[in-house]
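Quick note: the sequence shown uses the working numbering, first residue 1122, plus one each step.
The block underneath contains the structure these notes are about, expressed in structure tokens.
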Amino acid sequence: MGTPDGFAHRVDERGTVTITHHGRPAGTLRGAAAARFLAAVARGDDPQLLMARVTGNYKHGNERRAREHPRNRGR
1122 MGTPDGFAHR
1132 VDERGTVTIT
1142 HHGRPAGTLR
1152 GAAAARFLAA
1162 VARGDDPQLL
1172 MARVTGNYKH
1182 GNERRAREHP
1192 RNRGR
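Below, the structure written as structure tokens:
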């Protein structure tokens, strides 16, 4: 599994965190969610992985089952 990359974040004056992926908006965090995200980054957690999880852009573990589904066979 590859590591996520291309994510960036910025915090505005109200504490809203805007997450971008390759320069395109990918998500916005406000309030408690923004505070949790910023605390995790300050703790030293991998910001790329955190942003991938927050935006939903990460592997969910069901890729093998989906590949074996009848509509996806032969792809």
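Glycine included, each C-beta is placed from N, C-alpha and C at the ideal position.
Roughly how many whole angstroms lie between the Cα atoms of residue i and residue j?
i	j	result
Glu1134	Arg1151	12 angstroms
Val1175	Phe1158	9 angstroms
Asn1178	His1130	15 angstroms
When you compare the CB positions of residue i and residue j, do they come within less than 8 angstroms of one another, or not?
i	j	result
Thr1141	Thr1149	no
Ala1155	Pro1125	no
Ala1160	Leu1171	no
For the ligand ZN, I want to know if residue i counts as a neighbour, meaning its beta carbon is within less than 7 angstroms of at least one of the ligand's heavy atoms.
i	result
Gly1148	The ligand content of the structure shown is nil, which means the ligand ZN is not present either.
Name the one or two DSSP bridge partners that residue i has.
i	result
Thr1124	Per DSSP, none; premise fails for Thr1124.
Contact between the stretch 1141-1149 and the stretch 1158-1165: three or more CB pairs below 8 angstroms? no
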